[in-house]
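**Student:**
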Amino acid sequence: MSGKEMSLSYNERMQLEELERRIDTEDPAFARKLRAGEAGQSAPVPSWPGLFVLLTGVLVLLFGVATQLPLIGIIGFLLIVIGGYKQVREPLPHEDSDGPSR
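In the UniProt record's numbering, the protein residues as written are 1 to 102.
What follows is the structure, given as structure tokens:
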């Protein structure tokens with residue numbers, strides 16, 4: 001998309017206003033969060049141990065290829081898989097299993 005803004009048609013503006021009214025009516029707390037800009041999830045934060053293992057695996061894999069030692073290459077590949085898994089599956093610091101606390 002270019003830097004130009006696209007205006008909404010009359011019909012789209014009416015639909016948006018109706019949606020805003022429905023959210024205000026059905027869930028006022030959520031509507032307040034939307035107005036304050038707090039409703040979405042924060043951007044994922046990288047897991048530093050997972051990132052470290054992943055990058056170490058890349059280096060070990062490259063070393064295994066350069067030295068033509070298959071066992072070192074396999075170990076590097078396994079480190080990459082483990083580091084990638086930790087990046088994807090490790091819970092973020094703000095998540096908890098008890099749900100939101102109030």
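Note that CB positions come from ideal geometry on N, CA and C, so glycine has one too.
(1) Residue ranges of each alpha helix (DSSP H) run of no fewer than 4 residues wholly in the stretch 9-53, ordered along the chain?
(2) Assess contact between the stretch 76-90 and the stretch 48-60, defined as three or more Cβ pairs (one per stretch) separated by less than 8 Å. Is contact present?
(3) How is Gln68 classed by DSSP in three states: helix, strand or coil?
(4) According to the Cβ coordinates, are Gly76 and Leu61 closer than 8 Å?
(5) Alpha carbon to alpha carbon, what distance is there between Leu59 and Gly37?
(6) Apply the 10 Å Cβ neighbour rule to Leu71 and answer buried if 16 or more other Cβ atoms are within range, or exposed otherwise.
(7) Please classify residue 117: is it buried, with 16 or more other beta-carbons within 10 angstroms of its beta-carbon, or exposed?
**Tutor:** In short, the structure shows the following:
(1) 10-26, 28-36
(2) Two segments are said to touch when three or more pairs of C-beta atoms, one from each, lie closer than 8 Å; by this definition the stretch 76-90 touches the stretch 48-60.
(3) By 1-based counting over the sequence shown, the position of residue 68 is 68. Coil, per DSSP.
(4) Taking the sequence shown and counting its residues from 1, the one referred to as residue 76 is at position 76. Taking the sequence shown and counting its residues from 1, the one referred to as residue 61 is at position 61. Yes, the Cβ-Cβ distance between Gly76 and Leu61 is below 8 Å.
(5) On the sequence shown, residue 37 is found 37 positions in, with the first residue counted as 1. On the sequence shown, residue 59 is found 59 positions in, with the first residue counted as 1. Near 41 Å, if we compare the C-alpha coordinates of Leu59 and Gly37.
(6) Position 71 of the sequence shown, counted from the start, is the residue given in the question as residue 71. Classification for Leu71: exposed.
(7) This structure cannot speak to residue 117, because the chain is shown only from 1 to 102.
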